[in-house]
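In this note's numbering, the protein residues as written are 2 to 283. Note that beta-carbon positions come from the ideal geometry of N, C-alpha and C, so glycine has one too. None of the values given here were measured: they were computed from a predicted structure.
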């Protein structure tokens with residue numbers, strides 16, 4: 002499934018190829034250009050085929066190597082246009098939640114390691130069906146979007162099969178406040194917490210809980226996902242941001258690391274979850 006972001010990157014790649022082929026230095030092959038730049042031929046191929054996001058420095062070097070430095074501002078403008086790609090919820094949810102969940106299933110199929118920070122709800126990869134259903138229904142009511150909660154739940158539960166695939170790793174950090182948020186009936190929240198208790202120690206899941214009284218180097222901020230080292234998604238009320246430039250990804254990894262330092266794991270995480278579980282009156 003091609004996203005707007007991927008299509009924009011592919012279009013930039015085609016423009017780069019066009020500049021190489023039409024170089025005033027004569028038609029350059031990918032190998033020729035790689036030699037001029039001191040790059041691997043595979044990097045040139047990935048950039049031209051939209052499989053890698055170039056940096057500003059890459060674009061400047063490319064335009065100079067093909068003898069068209071005046072094109073750099075155009076390329077840089079294209080790059081900035083999709084480095085911080087805003088995907089509005091109004092547009093994305095026009096057909097309901099299920100298509101968005103299916104898109105995430107595709108993204109996760111291409112992902113080996115997922116780092117997440119959740120400060121408002123239990124992460125979707127760890128949710129029970131009832132917990133997910135309540136969230137979908139509340140968001141659908143709030144946004145007046147199509148009511149397709151059952152299809153959305155099935156898609157989200159399908160995505161959780163990822164957790165049982167060898168070579169996958171979910172590194173999830175959840176703020177204790179998210180565990181206490183009663184956005185669903187008490188019995189649903191209790192069952193969700195029971196599921197989390199059972200996930201502690203799972204081979205493919207590293208679950209850290211940040212207690213409410215933990216010392217934080219940064220405020221909790223927004224929740225975010227880091228897919229390998231190729232994409233960060235950040236959710237806000239109006240839109241989700243899809244960020245793919247290396248500098249931004251590194252920034253979010255640093256943010257994740259600060260919360261990881263404040264988290265507790267293993268038996269200590271179970272103690273925090275169990276404490277919240279005991280506070281729920283079912």
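Q: Hey, could you find the ends of the alpha helix (DSSP H) residue 250 is sitting in?
A: 247 to 263
Q) Can you tell which of 214, 34 and 45 has its C-alpha closest to the C-alpha of residue 14? A) 45
Q.
Give me the DSSP bridge partner(s) of residue 243.
A. According to DSSP, residue 243 shares a beta bridge with 86 and 234.
Q) Is the CB-CB distance between residue 201 and residue 208 below 8 Å? A) Yes; because the gap between Cβ atoms is below 8 Å, this pair is in contact.
Q. Whose C-beta lies closer than 8 Å to the C-beta of residue 20 among residues of the same chain, with five residues either side of it excluded?
A. Contacts found: 63, 64, 67, 69 and 72.
Q: Indicate whether residue 277 and residue 194 have their beta-carbon atoms separated by less than 8 Å.
A: yes
**Q.** beta strand (DSSP E) segments (min. 3 residues) lying fully within the region 140 to 177
**A.** Correct list: 170 to 176.
Q. By Cβ distance below 8 Å, which residues in the same chain neighbour residue 97 in space, the five residues on each side in sequence not counted?
A. 141, 146, 147, 148, 149, 152 and 153
(Q) Given this structure, state the Cα-to-Cα distance separating residue 2 from residue 238, to the nearest angstrom. (A) Its pLDDT being 40, under 50, residue 2 is placed unreliably by the model, and the measurement read from it follows with that caveat. Spanning the two alpha carbons is a distance of roughly 24 Å.
Q) Among the residues of its own chain, which have a CB less than 6 Å from the CB of residue 124, if the five just before and after it don't count? A) 117 and 173
Q: Give me the Cβ distance between residue 235 and residue 242, rounded to the nearest whole Å; I'm assuming they're in contact under 8 Å.
A: Contact holds; Cβ gap of about 4 Å.
Q: Put residue 227 into one of helix, strand or coil per three-state DSSP.
A: strand
**Q.** Contained beta strand (DSSP E) runs [length at least 3] in the region 74 to 139, N- to C-terminal order
**A.** 85 to 89 and 114 to 119
Q) DSSP state of residue 8, grouped into three classes? A) It is helical.
Q. Comparing alpha-carbon positions, which option in 110, 106, 102 and 262 lies nearest residue 134?
A. 102
Q: Taking all protein chains shown into account, decide if residue 86 is buried (16 or more other Cβ within 10 angstroms of its Cβ) or exposed.
A: buried
Q) Alpha carbon to alpha carbon, what distance is there between residue 128 and residue 206? A) 13 Å
Q. What first and last residue would you give for the beta strand (DSSP E) that runs through residue 211?
A. Here the beta strand (DSSP E) through residue 211 covers 206 to 211.
Q. Nearest-angstrom Cα distance between residue 26 and residue 254?
A. 41 Å
Q.
Alpha carbons only, please: which of 220, 105 and 231 is nearest the one belonging to residue 256?
A. 220
**Q.** C-beta contact flag for residue 56 and residue 251 at 8 Å
**A.** Cβ distance not < 8 Å, so residue 56 and residue 251 don't count as in contact.
Q. So, are the CB atoms of residue 215 and residue 121 less than 8 Å apart?
A. No. Outside cutoff.
Q. With 16 other CB atoms within 10 Å as the buried threshold, where does residue 213 fall?
A. So residue 213 ends up on the exposed side.
Q: Count the other CB atoms, across all protein chains shown, that sit within 10 Å of the CB of residue 112; report buried if there are 16 or more and exposed otherwise.
A: The residue in question, residue 112, is buried, as its Cβ has 16 or more Cβ neighbours within 10 Å.
Q. Using the beta-carbon count (16 or more within 10 Å), is residue 143 buried or exposed?
A. exposed
Q. For the alpha helix (DSSP H) that residue 58 lies in, which residues bound it at each end?
A. 57 to 66
Q) For the putative contact between residue 285 and residue 60, defined by C-beta atoms under 8 Å, what is the C-beta separation to the nearest angstrom? A) Since the first residue shown for the chain is 2 and the last is 283, residue 285 is missing from the structure and cannot be characterised.
**Q.** Close-in-space but distant-in-sequence residues of the same chain around residue 92 (CB under 8 Å, 5 per side omitted)
**A.** Sequence-distant partners of residue 92 (beyond 5 residues in either direction) whose C-beta falls short of 8 Å from its own C-beta are missing from its chain.
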